[in-house]
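Below is one structure; the comments refer to it alone.
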Amino acid sequence: MRTNFVERRGKLQDMDRSFDLKFWQAQPPKARFDAVWEMIVHAMKVKGYDVRQLRLQRSVTNFQRTQPLNNEIDGDSSCAKLVCIGKK
């Protein structure tokens with residue numbers, strides 16, 4: 144028997160989204176991400192895609208260093224400013 148769950152009963156036409164919003168906002172980010180990923184996998188299976196090929200989109204193609212910062216003059220490049228070049 145499930146012991147840790149929340150439910151709401153009523154007619155669909157009488158319900159608003161407040162219950163859903165409150166529930167998902169109370170969940171930690173990992174639980175929200177897992178739920179979204181589960182829906183993505185399910186939708187792709189329904190459409191006939193090979194779900195083993197699914198992955199997160201990679202938007203950044205490479206990084207390029209801009210002009211040296213003041214602290215790089217002394218040889219410390221740990222805080223170098225980077226510019227993202229790639230698809231948006």
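Using this note's numbering, the first residue of the sequence shown is number 144, and each one after it goes up by one.
For every residue, glycine included, the Cβ atom is placed at its ideal position computed from N, Cα and C.
Bear in mind that the values here come from a model prediction, so they are computed numbers and not experimental data.
Own chain partners of residue i with C-beta closer than 6 Å, once the 5 adjacent residues on each side are dropped
i	result
G191	none
Through-space distance from residue j to residue i, alpha-carbon basis
i	j	result
F206	W180	28 Å
V184	T209	40 Å
Q196	F176	18 Å
K188	R198	14 Å
M182	D163	16 Å
P172	F166	12 Å
R152	Q170	20 Å
A178	R160	17 Å
Q156	N147	27 Å
Cβ-heavy atom distance, residue i to the ligand SAM, below 6 Å
i	result
G191	With respect to the ligand SAM, the structure shown offers nothing to examine, as it has no ligands at all.
| request: Counting only runs of 4+ residues fully inside the region 147-211, write out the alpha helix (DSSP H) ranges in chain order. | output: 161-168, 172-190
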